[in-house]
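Following: one structure in structure tokens, then a few remarks.
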Amino acid sequence: MTDAAFYQLGPLREYLEDPTVFEIRINCFQEVICDTFSGRRVVQNAAITADFIRNLAKSLVSSNKLTMQAINDVILPGGIRGVICLPPAVIDGTTAVAFRKDLAADKNLEQLTREGIFSDCRKITGSKQSLTDDDFFLKELHSSEKWPAFLQTAVEKKRTIV
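Take 11 as the starting number for the sequence shown in my numbering and just add one per residue.
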């Protein structure tokens with residue numbers, strides 16, 4: 011983060027820098043809700059005022075080269091995504107602010123298979139007349155639970171998986 015942008019985040023810096031926090035929300039002034047890997051934490055913070063939120067919104071909207079709106083989608087320094095809602099999108103005297111860190115998980119299809127991500131998959135159905143050779147091949151991969159090959163082939167053949 012640049013020094014100026016870091017400074018503008020003021021009382022939110024401690025939550026944004028906390029590696030256990032992946033989402034920060036402000037639904038009412040003087041209160042910060044932190045979603046962490048071990049659960050939700052509600053923190054009272056007197057520095058989170060209407061003026062702070064308004065100034066933060068102005069700063070982030072400006073640094074994102076946007077025009078202030080009732081709903082402002084912004085990106086913080088470091089790539090954290092955020093939304094700042096101001097009246098009339100929220101009731102006068104309230105706010106809705108959320109910042110979500112990118113939780114990049116670099117897993118390949120084999121790892122996801124071992125973790126059981128595909129355990130709830132159901133069988134493919136359809137009449138023989140409506141299925142192409144590619145569909146039959148995908149059906150075979152699906153039936154034999156070869157998930158990485160199934161997904162790779164589905165993407166290559168531009169099939170929709172629901």
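Every residue gets a Cβ at the ideal spot worked out from N, C-alpha and C, and that includes glycine.
_Spatial neighbours of GLU33 within its chain, please: C-beta separation below 6 Å, excluding the five flanking residues on both sides._
ASP45, ARG110
*Assuming PRO87 and LEU119 form a contact by the criterion Cβ under 8 Å, report the distance between their Cβ atoms to the nearest whole angstrom.*
At roughly 33 Å, the Cβ-Cβ gap does not stay under 8 Å, so PRO87 and LEU119 are not in contact.
_Buried or exposed for ASN82, going by 16 or more other Cβ atoms inside 10 Å?_
Taking a 10 Å sphere around the C-beta of ASN82, we find 16 or more other C-beta atoms and assign the residue as buried.
*Could you round the C-beta distance between GLN40 and GLN18 to whole angstroms and report it? I think they count as a contact, below 8 Å.*
19 Å between Cβ atoms; not a contact.
*Are LEU148 and PHE160 close, meaning C-beta to C-beta below 8 Å?*
yes
*Classify THR170 as buried or exposed, calling it buried when 16 or more other Cβ atoms lie within 10 Å of its own Cβ.*
Classification for THR170: exposed.
*asked:* In the DSSP output, what is ASP83 paired with across the bridge?
replied: VAL93
_Outcome for ALA67 when other beta-carbon atoms lying within 10 angstroms are tallied against a minimum of 16_ = buried
*GLU166 to ARG124, Cα distance in whole Å?*
23 Å
*Within 10 angstroms of its Cβ, does THR77 collect 16 or more other Cβ (buried), or is it exposed?*
exposed
*Assuming GLY92 and ALA106 make a contact with CB atoms under 8 Å, what is their CB distance in whole Å?*
Actually they are not in contact, since the Cβ atoms of GLY92 and ALA106 sit about 11 Å apart, beyond 8 Å.
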